[in-house]
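What follows is one structure encoded as structure tokens, with my remarks underneath.
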Amino acid sequence: AKVEEKLFQNRYLVDAGRPHIKVKAHTVPSPSLMAMTTLCPAGCYTQTESGQVEVAADGCLECGTCRIVTRKTGEIEWNYPRGGFGVLYKFG
Ligand code: SF4
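Under this note's numbering, the first residue of the sequence shown carries the number 20, and numbering increases by one thereafter.
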């Protein structure tokens, strides 16, 4: 649980009303987007009862996995959070 112990030291500053990752409107998610519900290390992606995939970017570690996995489907908009917001990594 070494990684978890380190993750626990990170803090997250929410930029209210300005999520840095958005899932575009869709009816059926591609397999890539669907995979994010299990791949995101922060558990930001979930599937709704009607089958769409949504993201709650609070707690995002900015690892870039979702950006890479969906780069061909173009289903998400991904930007770094504004300066000062987002994950605040604490090393050591
Ligand atoms: Fe999850 Fe990483 Fe995407 Fe953030 S960048 S939502 S932590 S997969």
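Idealized CB from N, CA, C, for every residue including glycine.
Keep in mind it's a predicted model, so treat the numbers as computed, not measured.
**Prompt:** Does the beta carbon of T57 fall short of 6 Å from some heavy atom of ligand 1?
**Reply:** no
**Prompt:** CB P55 to CB C85, shorter than 7 Å?
**Reply:** A small fix is needed here, since residue 55 is Met in this sequence, not Pro. Taking 7 Å as the cut-off, the beta carbon of M55 is found closer than this to the beta carbon of C85.
**Request:** Taking all protein chains shown into account, decide if E94 is buried (16 or more other Cβ within 10 angstroms of its Cβ) or exposed.
**Result:** buried
**Prompt:** Anyone know if the C-beta pair for D34 and R101 falls short of 7 Å?
**Reply:** yes
**Prompt:** Straight-line CA distance for L32 to G78?
**Reply:** 8 Å
**Message:** Tell me the DSSP secondary structure of E24 in three-state form.
**Reply:** helix
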